[in-house]
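A.B. asks:
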Amino acid sequence: MIDPVLLRENPDLIKRSQELRGESSEYVDEAVAADAARRTAITVFEALRAEQNAFGKQVAQAPKDAKAALVAQAQELAGRVKAANQAVSDAEASFTLAVQKLGNIVLDGVPAGGEDDYIVLREVGEIPAFAFEPRDHLEIGELLDAIDMPRGAKVSGARFHYLKGVGARLELALMNMGLDRAIAAGFTPLITPTLVRPEIMNGTGFLGAHADEVYYLPEQELYLTGTSEVALAGYHADEIIDVSNGPVRYAGWSTCYRSEAGSHGKDTRGIIRVHQFNKLEMFSYIDPADAEAEHQRLLAWQEGMLQDLGLTYRVIDTAAGDLGSSAARKYDVEAWVPTQGAYRELTSTSNCTTFQARRLDIRHRTESGKTAPVATLNGTLATTRWLVAILETHQQADGSVVVPEALRGYLGGLERLEPVA
RNA sequence: GGAGACGUCGCAUAGUCCGGCCGAGUGCACCACCCUGCUAAGGUGGAGUCCCCGUAAGGGGACCAGGGGUUCAAAUCCCCUCGUCUCCGCCA
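Numbering of the first sequence is given in my numbering, commencing with residue 590 and proceeding in unit increments.
Now the structure itself:
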């Protein structure tokens, strides 16, 4: 949620941000008006309530014979208080509705525009060349008996898969490698719930633009999370946490569920886009002043993973219109996928500044002793999709795959994945 | 699934039966000062969160798990939801 004080005092700043996102700046005016209406309603109600409170004391102290008359008088006042109270509730609901239409304020330097207006910050590594016709990840996965799509479909439907044998081991190895690095960097591992209550799902902002991609269990009113970010952000909801000695960092390990509504026909082959996958997610709660530096650190850890896995990648600064409502800036690291001849997103790291924390009511105590919202940041350290780039990049003519050195320790020293005869 | 108990200001509790003097007492912990010369105790004071008005000083409102209701008035009475605990049943 946008800072209401900022909305009041500097609506133009928010309008500029909305324009960068390609969204209506009229929402800002609506929110400002709703805020004014809300405050007026509060003032009216509080004056009446003060009167009622004073009256109540009189009634309590009045001698018995005078009480009846006073009570009769108070009844009329009570009616007005009730109406004013209802007016406040209505005005607050309208304000919330209006302000929730506003996305986080985009940081300086974020490119304007939509999905295709990203800026490439850097390309790292050589585009791999093959002396043979490279196989795509699914073909390799099947040669290795590592990925089983047909049985995934039989049991659960399209976009479900089994990871088997070295495939299963490879994913666990990758996750463990990420986890070890996260721990070394000061992250506390956290295996999170993947079913969450509506208020948490809403608080993290995923019921906005992503609402149709979210699985929902109406019977028990629970949402399946598409990323552990939801449970990680919700972890400290309604709390005042101590970030005076540096960020509070968690590495969340969870299965993720995405319905992928609206992406029919896209990436239907293999495990690039599936309904269920695993992910290791970094999450930081931090003093807002340090958020941008932390964002760079998260990005560096992500890049370190890609580099040590021998993957070729580029880093993009996502355009404002492609940010998602909570993020003020987002970097994607995209790995080269040889058979697609394209970079595909493997990680994403977002700086949500205080937007998400304000919505979830996560605060810290500033030096002056006041409370203020913290900043939250998140970034992917490993996911199932990485197997695509690893398998394709390190494949050999005979169908085997060389295991990147950094991963071998997590596979019992295995240096090469061999096709199953 | 059945039966019951409970949810109060960091922690522990009082208050709820019999509504107003309770935004709320006490203990511990905390902060400041004082006292004491010894490793701990004593004294005084302070301190919650959120919001509104105000340049400010200050004033006002809300908050007793959450929501709704009764009432002139609700921590206290009624209903619902959530959570915790105990017992029984069930358990791939």
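Ideal placement from N, C-alpha and C gives every residue a C-beta, glycine not left out.
According to DSSP, is residue 835 part of a helix, a strand, or is it coil?
C.D. replies: Working through the first sequence from its first residue, we reach residue 835 at position 246. Residue 835: coil per DSSP, three-state reduction.
A.B. asks: According to DSSP, is residue 792 part of a helix, a strand, or is it coil?
C.D. replies: Start at 1 with the first residue of the first sequence, and residue 792 comes out as number 203. Reduced to three states, the DSSP call for residue 792 is helix.
A.B. asks: What is the DSSP secondary structure of residue 725, reduced to helix, strand or coil?
C.D. replies: Translated into the one-based positions of the first sequence, residue 725 becomes position 136. In the structure shown, residue 725 sits in coil (DSSP, three-state: anything other than H, G, I, E or B).
A.B. asks: Note down the Cα distance separating residue 653 from residue 692, rounded to an integer number of angstroms.
C.D. replies: Here residue 653 corresponds to residue number 64 of the first sequence, with the count starting at 1. Here residue 692 corresponds to residue number 103 of the first sequence, with the count starting at 1. Computed Cα separation, rounded: 58 Å.
A.B. asks: In chain order, which continuous runs of the beta strand (DSSP E) of length 3 or greater are located wholly inside the region 932-972?
C.D. replies: Complete beta strand (DSSP E) runs here, min 3: 952-954, 960-962 and 964-972.
A.B. asks: For residue 831, count neighbouring C-beta atoms within 10 Å of its own C-beta (all shown protein chains included) and say buried if the count is 16 or more, exposed if not.
C.D. replies: What you label residue 831 is simply residue 242 of the first sequence in a count that begins at 1. Its Cβ having fewer than 16 others within 10 Å, residue 831 is exposed.
A.B. asks: Mind the definition here: the region 762-775 touches the region 809-828 only if three or more C-beta pairs lie below 8 Å; say whether that holds.
C.D. replies: Contact between the region 762-775 and the region 809-828 is absent, because fewer than three Cβ pairs lie under 8 Å.
A.B. asks: Spatial neighbours of residue 713 within its chain, please: C-beta separation below 8 Å, excluding the five flanking residues on both sides.
C.D. replies: Here residue 713 refers to the residue found at position 124 of the first sequence. Closer than 8 Å at the Cβ level, and outside the excluded window around residue 713, lie 892, 895, 896, 901, 902, 903 and 904.
A.B. asks: Relative to the C-alpha of residue 808, which residue among 649, 950, 786 and 801 is closest?
C.D. replies: The residue labelled residue 808 in the question sits at position 219 within the first sequence. It is 786 whose Cα lies nearest to the Cα of residue 808.
A.B. asks: Measuring CB atoms only, is the region 701-711 touching the region 720-729, in the sense that at least three cross pairs come out at less than 8 Å?
C.D. replies: As far as the Cβ criterion goes, the region 701-711 does not touch the region 720-729, which means the pair count is below three.
A.B. asks: Does the beta-carbon of residue 597 have 16 or more other beta-carbons within 10 angstroms, so that it is buried, or is it exposed?
C.D. replies: The sequence position of residue 597 within the first sequence is 8, counting from 1. Classification for residue 597: exposed.
A.B. asks: Run through the region 637-694 for me and flag every whole alpha helix (DSSP H) of 4 or more residues, listed as ranges in chain order.
C.D. replies: The qualifying runs are 653-688.
A.B. asks: CA-CA distance, residue 734 and residue 997?
C.D. replies: Within the first sequence, numbered from 1, the residue matching residue 734 stands at position 145. Within the first sequence, numbered from 1, the residue matching residue 997 stands at position 408. Distance between the alpha carbons of residue 734 and residue 997: 19 Å.
A.B. asks: Mind listing, in chain order, the continuous beta strand (DSSP E) runs of no fewer than 3 residues lying wholly within the region 850-891?
C.D. replies: DSSP runs (the beta strand (DSSP E)) wholly in the region 850-891: 865-875.
A.B. asks: Have a look at 933, 888 and 632 and flag the residue whose alpha-carbon is nearest the alpha-carbon of residue 678.
C.D. replies: Looking up residue 678 in the first sequence gives position 89. The residue with the shortest Cα to Cα distance from residue 678 is 632.
A.B. asks: Using 10 angstroms around the beta-carbon of residue 940, count the other beta-carbons present and answer buried if the total reaches 16, otherwise exposed.
C.D. replies: Position 351 of the first sequence, counted from the start, is the residue given in the question as residue 940. By the 10 Å Cβ count, residue 940 comes out buried.
A.B. asks: Check whether the Cβ atoms of residue 948 and residue 793 lie closer than 9 Å to each other.
C.D. replies: What you label residue 948 is simply residue 359 of the first sequence in a count that begins at 1. What you label residue 793 is simply residue 204 of the first sequence in a count that begins at 1. Yes, the pair counts as a contact, with Cβ atoms nearer than the cut-off.
A.B. asks: Determine the extent of the alpha helix (DSSP H) in which residue 597 is found, giving its start and end residues.
C.D. replies: As a position in the first sequence, residue 597 is number 8, starting the count at 1. Note, residue 597: alpha helix (DSSP H), 593-598.
A.B. asks: Tell me, to the nearest whole angstrom, how far the beta carbon of residue 759 is from that of residue 595; I am working on the premise that it is less than 8 Å.
C.D. replies: By one-based count along the first sequence, residue 759 stands at place 170. By one-based count along the first sequence, residue 595 stands at place 6. Residue 759 to residue 595, Cβ: 47 Å. No contact.
A.B. asks: Quick one: what does DSSP say residue 896 is sitting in, helix, strand or coil?
C.D. replies: Translated into positions along the first sequence, residue 896 becomes position 307. Note: residue 896 maps to helix in three-state DSSP.
A.B. asks: Only counting the same chain, and skipping five residues up and downstream in sequence, which positions put a Cβ closer than 8 Å to that of residue 724?
C.D. replies: Reading the first sequence from its first residue, position 135 is the one you call residue 724. Closer than 8 Å at Cβ, skipping near neighbours: 732, 928, 981, 984 and 988.
A.B. asks: Let me make sure I understand the geometry here. Which of 827, 876 and 969 has the alpha-carbon closest to that of residue 834?
C.D. replies: One-based indexing of the first sequence puts residue 834 at position 245. Selected option, being the one with the closest Cα: 876.
A.B. asks: State yes or no: is the C-beta of residue 926 within less than 9 Å of the C-beta of residue 920?
C.D. replies: What you label residue 926 is simply residue 337 of the first sequence in a count that begins at 1. What you label residue 920 is simply residue 331 of the first sequence in a count that begins at 1. The answer is no: Cβ separation not under 9 Å.
A.B. asks: Just the C-alpha distance for residue 751 and residue 821, rounded to the nearest angstrom, thanks.
C.D. replies: Along the first sequence, read from residue 1 onward, the residue named residue 751 stands at position 162. Along the first sequence, read from residue 1 onward, the residue named residue 821 stands at position 232. Spanning the two alpha carbons is a distance of roughly 27 Å.
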